[in-house]
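Residue numbers (the numbering used here), protein chains in the order written: chain V, 1 to 231; chain Z, 232 to 727.
A short write-up of the structure that comes next.
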């Protein structure tokens, strides 16, 4: 089908190109706009119960997807024993539910606190709608089309790899149920929209902090170290 | 010896009249933008009192500054180990309600009110939401104790006092307060810098001014909780943190910072100090009550040949060494030993020092005759209205000795001046006071002159910065011809 080819053979490339080009260009042109735009300062009570479950949930779920993509054989091997399959499925579903719960709390908080509403933009609301579609469809997929960890490894993963090797083979995903297709398409729309939104804060996570020296001193003319003395 | 230069400050608290001119000067220049309305990079609070943000000294709640196990320093808030679990929600970050919600009024409500029996009122409107709010606190809500003892009673420094002392401090006839103007201390071991996950905060090598790079800040807010003085603020509009910049654009053009320049009571002194950065790791872990002395040891004598040589070897310009030799801050902190750092037990080694207030001369009134008993002008600083241990908690890291020394010396200077000008204090009394205070006639004279007579040029010795040279070496000015400046070329607007 042509629509399948557009959605699963073209859209992913469009999304990735937009993601890469706009992200880099935005960083170069408007570095200032890269911020987590935290609103904890304006509302500090619901913040914990919304931000924390959502972030932990979504990171774990995304991590699961990444492992399924990178190591499909390992996942299939793990799932070969029933209790391990059940454990993985149950963990995945509960993390998905945690994410949904966190996201709903986030939206409720934004709607209910007039201070936080003040700093919410249209782009924020679009992001929330797309994220809601994404995580809710994900949970529904996990519920209605069980053993996703296994079929992800045997259908989604090869399809993704076919995209990576620039020879898109949509036969892996074309027969999938509509709900799964929605989940996939929305994911790539989200990736395309990503660099235009506050989601860019994901890309500036402070990895350097863990191994840099505690104090930061900036000299205009090299400082003592440049002159061979001091630190 | 790693000699570095640092801009440092002294605030003379006996001279502060609590007029807030400094705060207003600062606000007019730097924080009248959206998102910064609630920020007071310079604020003046009444002590004893809860301050701004409320109870900022309570580090059990805010977890600011450093803690030590005797060997290594670690951040009390989100240090390296705790940054990952806490990055989605900072557990010790103050929220807007800990400061106050800024507001304005719709003045049309006054002018357009229909004629009636009642006085029209303009209701407060939030500067955040634009909705009507009930104002529950504001800047300096506790000014002059705000008509209540509640603020004084909740001062975290009160814990250093005995219940009896606390009761005395609160009794009506003895109730005492003074003003504590606060700006960023531009610390030697800044917790804000160490806590920043993005590495946006830094200390300028040449002058020690602590700044936040707005292009690098990603709003993780670690600096806000890590600064024990709560002198970094989160701009809710731009999604970046901001702080006092010590008016570096003014300093670089030879002008005193706005709060120094506008100070009505002339309480503010500014100058650079030479210090040995190598000593920091070693003294950072000393017990609380040794920290004031240790910090003084770290500050080097700019007249000492060895120090000058080491400074030159470190590339410090002659002009900066010369200005360190004239620094009034060096005189107050090291020479006289009467200026003390605030809450040094937070271990950030603040570079703003306070001369503790001697507080008003006591007089008694009998049958409508006001009597100043000169011999007993300040009978005994131990019996002062504000107990020494209160100041010990605020300025001594729990060491009352350094406060006692500072107060005794100021008291001696008062007696000397009384002897010289009014003459009702005998020379013997003055000399005895000087001897007890570890002070000479010459030093008393110098303290008196620097405290009362010093002009603007003597109070603020601004070292030559040579920033223009520094910039030219890094960037070609012609490249930036007809553009808006050297660094920040786009408007600081909130991202999506």
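Where is the CB? At the ideal position from N, CA and C, for every residue including glycine.
- At a cut-off of 8 angstroms between beta carbons, residue 25(V) makes no contact with chain Z.
- Residue environment for residue 13(V): exposed (fewer than 16 other C-beta atoms within 10 angstroms of its C-beta).
- For residue 363(Z), the three-state secondary structure derived from DSSP is strand.
- DSSP places residue 507(Z) within a strand segment (E or B) once states are collapsed to three.
- Looking at the backbone, the Cα of residue 269(Z) and that of residue 475(Z) are separated by about 14 angstroms.
- Apart from the 5 residues on each side of it in sequence, residue 473(Z) sits with its Cβ closer than 6 angstroms to the Cβ of 464, 466 in its chain, given in chain order.
- Between the region 239-259 of chain Z and the region 308-316 of chain Z, the count of Cβ pairs shorter than 8 angstroms is below three; the stretches do not touch.
- Under the 8 angstroms Cβ criterion, the region 271-285 of chain Z counts as touching the region 256-263 of chain Z, having at least three qualifying pairs.
- When the beta-carbon positions are compared, residue 685(Z) and residue 668(Z) stay at least 8 angstroms from each other.
- Judged by DSSP secondary structure, residue 275(Z) falls within the beta strand (DSSP E) whose first and last residues are 274-278.
- Against residue 40(V), the close residues of chain Z are 320, 321, 324, 326, 452, in the order they occur along the chain (beta-carbon pairs closer than 8 angstroms).
- For residue 187(V), no chain Z residue has a Cβ inside 8 angstroms of its Cβ, as the nearest lies near 20 angstroms away.
- A straight line joining the alpha-carbon of residue 683(Z) with that of residue 498(Z) spans about 9 angstroms.
- Contact check for residue 388(Z) and residue 624(Z): beta-carbon distance about 4 angstroms, within the 8 angstroms limit, so the pair qualifies.
- Within the region 240-266 of chain Z, complete alpha helix (DSSP H) segments of at least 4 residues are found at 252-261, given in chain order.
- Residue nearest to residue 380(Z) within the set 407(Z), 390(Z), 360(Z), 563(Z) is 407(Z) (criterion: CA-CA distance).
- In this model, residue 323(Z) and residue 553(Z) are separated by some 43 angstroms (Cα to Cα).
- Residue 194(V) and residue 431(Z) have their C-alpha atoms some 24 angstroms from each other.
- Residue-level contact by beta carbon fails for residue 503(Z) and chain V, as no gap is shorter than 8 angstroms.
- Within the region 203-218 of chain V, contact with chain Z at the beta-carbon level (separation under 7 angstroms) is assigned to 204, 206, 208, 209, 210, 212, 214, 215, 216, 217, 218.
- In this structure, residue 57(V) lies near residue 98(V), with their beta-carbon atoms less than 8 angstroms apart.
- Collapsing the DSSP output to three states places residue 358(Z) in coil.
- Per the coordinates, the alpha-carbon of residue 16(V) lies some 35 angstroms from the alpha-carbon of residue 42(V).
- Taking residue 329(Z) as reference, the option from 654(Z), 233(Z), 547(Z), 455(Z) with the minimal CA-CA separation is 455(Z).
- Residues of chain V whose Cβ lies closer than 7 angstroms to the Cβ of residue 425(Z) are, in chain order, 214, 215.
- If you check the CB distance, residue 523(Z) and residue 572(Z) come in under 8 angstroms.
- Taking 8 angstroms as the cut-off, the Cβ atoms of residue 477(Z) and residue 514(Z) do not count as close.
- For residue 304(Z), DSSP records a beta bridge to 299(Z).
- Think of a sphere of 7 angstroms around the beta carbon of residue 181(V): no beta carbon from chain Z falls inside it, the nearest being about 28 angstroms out.
- Between residue 134(V) and the set 185(V), 114(V), 203(V), the nearest pair of CA atoms involves 185(V).
- Around residue 430(Z), the beta-carbon contacts reaching into chain V at under 8 angstroms are 206, 208, 209, 212, 216.
- CA-to-CA, the gap between residue 687(Z) and residue 727(Z) works out to about 46 angstroms.
- Here residue 451(Z) is not near residue 315(Z), since their CB atoms are 8 angstroms or more apart.
- Residue 198(V) reaches chain Z at 470, 726, 727, counting residues in chain order whose Cβ is nearer than 9 angstroms.
- In the structure shown, the three-state DSSP call for residue 500(Z) is strand.
- For residue 473(Z), the secondary structure class from DSSP, reduced to helix, strand or coil, is strand.
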